[in-house]
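Enquirer: Numbering (the numbering used here), first residue to last: 16 to 198.
Even glycine gets a Cβ: it sits at the ideal position worked out from N, Cα and C.
Here it is, the structure, as structure tokens.
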């Protein structure tokens with residue numbers, strides 16, 4: 016192990032690598048240290064560059080080997096890996112900003128140790144609501160969408176009025192029958 020390269024690490028990078036070594040996620044480390052997860056990812060990236068490591072786990076293992084096992088608390092129970100091997104799927108890593116690649120490969124994604132999954136679109140994703148979802152939301156409905164919502168509103172009004180007329184007519188007949196029976 017290159018002790019000189021480990022000596023060039025900052026204390027912040029060492030702290031992040033120590034927590035990464037005991038299998039904390041970037042968000043968990045960020046919460047524990049009181050920084051953003053972007054700062055944690057940047058510290059991991061800088062540490063990998065300094066140590067010449069291919070992955071953050073490899074960098075954390077290099078630091079652990081130099082510091083010794085006394086620095087790290089062992090797990091009481093180390094769970095087995097949740098992901099099993101798979102033979103199909105597209106494996107792409109996110110870019111440096113943490114964004115997934117766009118295009119048809121976005122449908123099937125493998126992230127770190129996860130099994131491939133398919134992103135299912137919600138039922139309402141195909142159409143836009145005619146009301147703003149949040150303040151400042153633009154109404155950018157197409158003409159076809161606007162006509163569809165107008166037709167749905169008209170149909171809803173017709174059904175509601177028809178229901179009210181039917182209920183009031185039935186109530187009127189019932190009241191008339193009761194009045195006739197009492198007289």
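Check whether the stretch 37 to 44 touches the stretch 53 to 64, taking contact to mean three or more Cβ pairs, one atom from each stretch, closer than 8 Å.
Expert: Contact between the stretch 37 to 44 and the stretch 53 to 64 is present, because at least three Cβ pairs lie under 8 Å.
Enquirer: Look at residue 75 and residue 35 and say whether their C-beta atoms are less than 8 Å apart.
Expert: Against a cut-off of 8 Å, the Cβ pair of residue 35 and residue 75 comes out as a contact.
Enquirer: The alpha helix (DSSP H) that contains residue 175, what's its start and end?
Expert: Unbroken alpha helix (DSSP H) run through residue 175: 158 to 197.
Enquirer: Judging by CA-CA distance, which residue of 24, 180 and 191 is the nearest neighbour of residue 78?
Expert: The shortest C-alpha separation from residue 78 is found at 24.
Enquirer: How is residue 37 classed by DSSP in three states: helix, strand or coil?
Expert: Of the three classes helix, strand and coil, the one that applies to residue 37 here is coil, per DSSP.
Enquirer: Answer with buried or exposed for residue 31, where buried requires no fewer than 16 other C-beta atoms within 10 angstroms of its C-beta.
Expert: Label assigned to residue 31: buried.
Enquirer: Taking DSSP as the reference, what is the three-state secondary structure of residue 70?
Expert: DSSP places residue 70 in coil when its eight states are reduced to three.
Enquirer: Give the secondary structure of residue 146 by DSSP, where H, G and I count as helix, E and B as strand, and everything else as coil.
Expert: Residue state, collapsed to three classes: coil.
Enquirer: Quick check on this structure: which residue in 20, 191 and 173 has the alpha carbon closest to the alpha carbon of residue 63?
Expert: When only C-alpha atoms are compared, the closest one is 20.
Enquirer: Go to residue 21, then tell me how far its alpha helix (DSSP H) extends in each direction, as first and last residue.
Expert: Counting along the chain, the alpha helix (DSSP H) containing residue 21 begins and ends at 18 to 22.
Enquirer: Would you call the CB atoms of residue 162 and residue 145 closer than 8 Å?
Expert: The answer is no: Cβ separation not under 8 Å.
Enquirer: Check the C-beta distance from residue 40 over to residue 59 and give it rounded, since I have them as a contact under 8 Å.
Expert: Actually they do not touch by this definition, with Cβ atoms about 11 Å apart.
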